[in-house]
Amino acid sequence: MSVINQMLKDLEKRSDDNRDVSTAAGPVTPQAKNKTSMALITVVVSVLLTLVLVAVVFLFQENQLLRQQASTGDKVLWQNQQAQQLVAAVEKIAQQSAAVNETVDDLEQRSLEQKLERKTVQKTAQQPANEAEIADVNSDTERTQNDATAADITPEKVQTTTQVSTSTFTESRRPLASANHHVASTELMRDTQLSTSRQMQKPNETTTPTDTTNLRSISSESSPSPEHSQPNAVKPSLTIARKQLSSAQLAAQKINQAEQAMAAQQGEQAEQLLQDALLLVPNNKQARKQLAAIWFARGNNQAAVNLLNQGISLSPLESDFRLMKGKILLQGYQRSQFQNPAQDSPLLTQAYDTLVAQPDVSQVEYQALLASVAQQLNQLPAATNAYQQLVTLQPNQAKWQLGLATVLDQASRFNNALAAYQQALAIGGLSTQSRQFAEQRIKELGE
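Under full-length UniProt numbering, think of the first position of the sequence shown as 1, with each following residue one higher.
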């Protein structure tokens with residue numbers, strides 16, 4: 001602003017000078033006036049342009065300064081937020097640490113209280129024992145005095161022995177003393193007893209071996225027993241250990257969770273848990289069967305068959321895997337025959353190959369499925385063996401006798417078939433149609 005004022009003053013001065021010049025020169029012509037006005041306009045325009053330029057520069061600088069201040073404010077605000085979050089995290093960690101410390105202190109306090117209670121109980125239990133020791137020592141002392149009198153032992157010796165016993169008993173009545181004091185008192189008693197025994201064992205015509213024995217018994221009975229000694233103080237400690245489960249234990253846990261999920265109609269969660277169990281223990285038969293059943297129920301037959309094939313490879317003697325696979329393949333065959341009867345499907349043959357690999361399984365459901373599949377494929381020896389297995393497993397079921405008779409009839413073993421038909425009728429329990437069929441075949445075979 002001072003620059004602008006200076007320029008205005010210069011313009012006024014120039015205009016005054018021009019007036020003086022024009023006055024001195026005489027009358028001004030119109031041309032001179034026009035030139036003067038043009039110069040004045042030029043100067044004014046220049047001044048205005050300069051002012052506008054200065055204003056623009058000033059506004060630009062102010063804008064830049066405001067932007068810098070705004071960015072600095074945002075940065076400071078962000079730093080404040082980060083600092084607040086950090087302080088909150090530190091406070092949370094401090095609270096958790098304080099809670100853990102309180103828990104540890106509580107556990108230590110409980111441990112100390114329990115140990116104090118045990119010590120109190122031990123102290124209470126020691127009192128009757130100490131009273132019994134008093135009675136034993138007194139009785140032994142009386143016997144010693146009587147023996148000493150009988151053996152002409154001097155009263156000084158008896159008094160010495162009594163003092164030793166009394167001091168020994170006094171020392172034994174201090175079970176709560178420190179360990180060092182107890183050891184020192186024990187050594188002192190031992191030295192006193194040895195000196196007294198040596199004094200008693202000096203050559204004396206009236207002393208008998210019985211006296212030494214009594215003194216030893218008094219010393220041994222009056223000496224403090226380890227049971228009544230105060231145990232060394234043990235500083236309480238708390239140990240928190242994390243037990244790592246084995247793969248089998250983790251798999252069993254996941255199977256249990258999967259069963260709970262299936263009970264709660266959460267099939268996807270149960271499926272994932274069973275897959276995790278199989279990853280941990282591939283030989284887990286229960287998890288494999290349950291997962292195959294879930295996939296079969298969802299219509300994913302091929303995945304179920306592949307899963308069972310893996311189980312058969314791992315456990316070739318597991319008949320449940322073969323039974324489930326045979327059921328899935330048989331159902332797929334029946335569905336394909338219903339949709340297109342003219343088309344030949346290999347599923348029935350695959351089911352037969354799966355089941356016939358173990359023909360002697362002692363399971364009714366397994367043998368019934370094998371007999372049905374073998375009979376449909378006209379595999380009469382396998383069907384005959386399966387029905388014979390069924391007759392052995394359930395001899396009172398007429399339907400198995402009738403099935404055996406039918407297979408034997410197809411194999412042209414008519415005599416055996418006739419006997420089987422008759423046995424089926426003898427057992428009874430057949431439907432009307434089955435009974436009529438058996439009676440008709442008996443008549444035809446009998447002719």
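Yeah, the Cβ is synthetic: ideal placement off N, Cα and C, and Gly gets one too.
Reduced DSSP category for residue i - H, G, I as helix; E, B as strand; rest coil
i: R110; result: helix
i: A264; result: coil
i: E259; result: helix
i: N396; result: coil
i: K243; result: coil
i: N340; result: coil
i: R413; result: coil
i: T208; result: For T208, the pLDDT reaches just 40, beneath the cut-off of 50, and the residue's location in the model is therefore unreliable, although a value from the coordinates is still provided. The answer is coil: DSSP assigns T208 none of H, G, I, E or B.
i: E318; result: coil
i: V45; result: helix
i: A357; result: coil
i: L377; result: coil
i: T170; result: Residue confidence is low: T170 scores 41 on pLDDT, short of 50, so the model does not pin down where it sits. No coordinate-derived value is stated.
i: Q363; result: coil
i: G73; result: helix
i: G428; result: coil
i: S345; result: coil
i: N5; result: helix
i: E439; result: helix
i: L188; result: Low confidence applies here, because L188 scores a pLDDT of 41, under 50, leaving its location unreliable; read the following figure in that light. DSSP places L188 in helix when its eight states are reduced to three.
Option nearest residue i by Cα separation, candidates the options
i: G429; options: A398, F414, D409 and V373; result: A398
i: A386; options: L369, N378 and L377; result: L369
i: Q109; options: L280, P236 and K75; result: P236
i: A297; options: M262, A277, S315 and M38; result: M262
i: V44; options: I427, N63 and M7; result: M7
i: Q249; options: I93, L280, S412 and I41; result: L280
i: E271; options: K443, L291 and S313; result: L291
i: Q388; options: P359, L377 and A304; result: P359
i: N284; options: E62, A264 and N256; result: N256
i: A417; options: Q367, R335, L445 and K243; result: L445
i: Q286; options: S319, A357 and S431; result: S319
i: L393; options: P381, S362, A411 and V407; result: S362
i: A252; options: R288, E268, S372 and Q265; result: R288
i: L314; options: L278, F338, E268 and N301; result: L278
i: V47; options: I312, Q376 and K9; result: K9
6 Å Cβ shell around residue i - same chain, five flanking residues per side excluded
i: L347; result: L329, G332 and Y333
i: G26; result: Because the pLDDT of G26 is 48, which lies under 50, any placement of that residue in the model is unreliable, and the question is left without a value.
i: G326; result: A351, T354, L355 and L369
i: Q440; result: none
i: D276; result: K254
i: A258; result: A270, L273 and L274
i: I294; result: E271
i: Q367; result: A386, Q389 and L390
i: Y421; result: A405, A438, R441 and I442
i: L245; result: none
i: A382; result: V356 and A374
Contacts around residue i, its chain only, beta-carbon distance under 7 Å, and the 5 residues preceding and following it disregarded
i: R14; result: none
i: E365; result: L323
i: Q423; result: Q401
i: S434; result: L402
i: V391; result: W400, Q401 and L404
i: N396; result: I427
i: V11; result: Note on residue identity: the sequence assigns Leu, not Val, to residue 11. Excluding positions up to five away in sequence, the list reads V43.
i: V52; result: none
i: L308; result: A292, F321, M324 and K325
Cutoff 7 Å: residue i Cβ touching any chain B Cβ
i: P346; result: The structure shown has no chain B; it contains just one protein chain.
Same chain, Cβ closer than 8 Å to residue i, neighbours up to 5 away in sequence not counted
i: S247; result: L280 and V281
i: L317; result: Q358
Proximity test, residue i beta-carbon vs the ligand ADP heavy atom, cut-off 6 Å
i: A270; result: Of the ligands one can find in the structure shown there are none, so the ligand ADP has no counterpart to examine.
> Of all the alpha helix (DSSP H) runs that stay within the bounds of the region 272-309, which reach a length of 4 or more residues?
Replying inline: 285-297
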